[in-house]
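A.B. asks:
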Amino acid sequence: MEEEDRKHRDSDRKRRRSRSRSRERRRSRSRSRDRERRRRSRSHDKDRRKRRKPYKYWDVPPPGFEHVTPAEYKAMQAGQLPPSVPGDPSQPAVIPNPTISAGGMEQDGVAPPVLPSITHQLPLPTPPVPTVGSQMTRQARRLYVGNIPFGVSEEAMVDFFNERMHECQLSQAPGQPVLAVQVNHDKNFAFLEFRSVDETTQAMAFDGIIFQGQALKIRRPKDYQPVPGMAETPSVHVPGVVSTVVQDSPHKIFIGGLPNYLNEDQIKELLSSFGALKAFNLVKDSATSLSKGYAFCEYIDHNMTDHAIAGLNGMQLGEKKLIVQRASVGAKNPQTAQLAINVPGLELPQTAGPLTEVLCLMNMVTADELGDDEEYEDIVEDVKEECQKYGMVRSLEIPRPYQGVDVPGVGKIFVEFMNAGEAKKAQEALSGRKFANRVVMTQYYDPEKYHRREF
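Written as structure tokens, this is what we have:
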């Protein structure tokens, strides 16, 4: 009996020791798994910090402003820089002889490159032009042509551009510069393919040219890829042709207060009384195609810029007075020794205004960019992440365009900080910064209007 009791006791002790060792092993494995999870989590966080996506838009300068720092830009605003303002290249060469009619266009925009159309191919001689037919450069050898005449044929398009290229001495060799054309009659646009990259770039000087009574709109296609070492803008100006794109430069003029009943030709006639126009764009509502009451222009002779501003600013037209001054990127005015920095629809002093916790960022985005969902999300992310460096961002508003609706504030970005001090830090840091090929302008905004969404 005693022997059996002893065996039972030994058996119980063994079971207890086994359960104890099993529990210890489970605890040890659990602690090991926890340590491994924490190690992986820290490693993942570190990788995420390392792999932070670079900014897509910040510090991308407009042409001519690549080497202008924010501090230098602010000095330009204060009129403290000499007349040799960066971004003021010498005026392009002017082609002699041909007289070509001009026309204006109201919208920027590039149609998609996929066309349900027939390609008209021309016989190609073998001139000594190095980039003929190269697939690597094909994207850089194509141009979008909008607002083409109704029912125009491929042959007529090719003949017109080849004749103009030779007439204006823009072709680099004997033979035909235009290789092929694709026409989309349903949507009223075409794509031209040239034999060389340089001839393609020079052909952009025909933007605004009249063809069968229509002012053509010439742009790079959406899939355009620049070729390293090659110019991206034409080096010539074709007499009589007024481009529909007014590039940001110290000579870009803003014309506000235009009566809505004035059409493009009437406005251009008024502006041309001070000199020949290089570019003109009357801004229109994308839904109704009606004038928004303001436009931009640039003169071929930059010496005419100040004369035109002096002669047109304050002019009475009907019930309105014109507001005419240098446009958004600004330039030195030799008469006033200061810059006029203005945005359409916004009458601002030369300062950022009374200090508030809401900062308005301008000249950063366009309606076309905001209309694309993916691009809109990238812009929001870039702006918010940059602004958070200067304080806590309480809210952010970027009004977007909607078809058939006149949305106020499109083109502006509103950032609400926790206090006015943080907004001041952001204003000082961001004013004059580059963003998506533009120079950023800033203005404090009324918080009550902001919260009422009066943009």
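With this note's numbering, you'll find the sequence shown wraps up at 550, consecutive numbering, no jumps.
Glycine included, C-beta positions come from ideal geometry on N, C-alpha and C.
Nothing here was measured: the structure is a model prediction, and the numbers come from that model.
#1: Near H346, what residues of its chain come up, given a Cβ to Cβ distance below 6 Å and the 5 sequence neighbours on each side ignored?
#2: Specify the secondary structure class of L454 as computed by DSSP and reduced to three states.
#3: Do three or more CB pairs link the region 518-531 to the region 471-491 at distances below 8 Å?
#4: Over what stretch of residues does the alpha helix (DSSP H) that includes E327 continue unbroken?
#5: Using alpha carbons as the reference points, say which of C263, V278 and A268 lies closest to V253.
#6: Going by other Cβ atoms of all chains shown within 10 Å of its Cβ, with 16 needed for buried, is L238 buried or exposed?
#7: When DSSP labels each residue in this structure, what does V189 get in the three-state scheme?
#8: Per DSSP, which one or two residues make a beta bridge with Y389?
#9: Which of the three DSSP states is assigned to Q297 in this structure?
#10: I need the straight-line Cα distance from V292 to L311, nearest angstrom please.
#11: Tell me, to the nearest whole angstrom, how far the beta carbon of I395 is from that of M459; I am working on the premise that it is less than 8 Å.
#12: Tell me, please, which residues DSSP counts as bridged to N532.
#13: Check each candidate in V453, R315, H332 and C455 and name the one with the smallest Cα separation from F289.
#14: Less than 7 Å separating the beta-carbons of Y319 and Q234?
#15: Going by CA-CA distance only, name the one from A371, L456 and I348 that's closest to F530.
#16: Near G504, which residues of its chain fall below 6 Å by C-beta distance, leaving aside the five closest residues on each side in sequence?
#17: Here's the rule I'm using: 16 or more other beta-carbon atoms within 10 Å means buried, otherwise exposed. How should T295 be labelled?
#18: What is the DSSP secondary structure of V475, counted as helix, strand or coil?
#19: Just to confirm, are F255 and F306 a CB contact at a threshold of 7 Å?
#20: With DSSP as the reference, label E414 as helix, strand or coil.
#21: Measuring alpha carbon to alpha carbon, tell me which of N257, F349, T232 and L377 ends up nearest S324.
#22: Are three or more beta carbon pairs between the region 383-393 and the region 332-348 nearer than 8 Å?
#23: By the 10 Å Cβ neighbour count, where 16 or more other Cβ atoms means buried, how is T339 classified, buried or exposed?
#24: Between P490 and the rest of its own chain, which residues show a CB-CB distance below 7 Å, the 5 nearest in sequence each way excluded?
#25: By the 10 Å Cβ neighbour count, where 16 or more other Cβ atoms means buried, how is P269 classified, buried or exposed?
#26: Rounded to whole angstroms, what is the Cα-Cα separation between N358 and P496?
#27: Helix, strand or coil: which one does DSSP assign to E549?
C.D. replies: Taking the definition as stated:
#1: Closer than 6 Å at the Cβ level, and outside the excluded window around H346, lie E393, H397 and T400.
#2: Correct three-state label for L454: strand.
#3: Contact between the region 518-531 and the region 471-491 is present: 3 or more CB-CB pairs across the two stretches fall below 8 Å.
#4: Looking at the DSSP string, E327 is not in any alpha helix (DSSP H), and its letter there is neither H nor E.
#5: When each option's Cα is compared against that of V253, the closest is V278.
#6: The residue in question, L238, is buried, as its Cβ has 16 or more Cβ neighbours within 10 Å.
#7: Unreliable placement is indicated for V189, whose pLDDT of 48 sits below 50; no coordinate value is reported for it.
#8: The partner list for Y389 (beta bridge, DSSP) reads G351.
#9: Three-state DSSP puts Q297 in a helix.
#10: If you draw a straight line from the Cα of V292 to the Cα of L311, it comes to about 20 Å.
#11: Contact flag wrong, Cβ pair sits at about 29 Å.
#12: None, per the DSSP bridge assignment.
#13: Out of V453, R315, H332 and C455, the CA that lies nearest to the CA of F289 is found in R315.
#14: Annotated as proximal: Y319 and Q234, with beta-carbon spacing under 7 Å.
#15: L456 is the residue among A371, L456 and I348 whose C-alpha sits nearest the C-alpha of F530.
#16: If we look at G504 and ignore the five residues flanking it on each side, its Cβ neighbours are P494 and F550.
#17: Answer is buried; the Cβ neighbour count reaches 16.
#18: Helix, per DSSP.
#19: Between F255 and F306, the CB-CB gap stays under 7 Å.
#20: Correct three-state label for E414: coil.
#21: Before going on, a small fix: residue 324 reads as Gly here, not Ser. Ranking the options by Cα distance to G324, first place goes to T232.
#22: Taking a contact to require three or more Cβ pairs closer than 8 Å, the region 383-393 and the region 332-348 qualify as touching.
#23: Here T339 is buried, its C-beta having at least 16 other C-beta atoms within 10 Å.
#24: In the sequence under discussion, the amino acid at residue 490 is Ser, which differs from the Pro named in the question. Only E511 meet the Cβ criterion.
#25: P269 is exposed by the Cβ-count criterion.
#26: Approximately 24 Å between the Cα atoms of the pair.
#27: DSSP, read as helix, strand or coil, puts E549 in coil.
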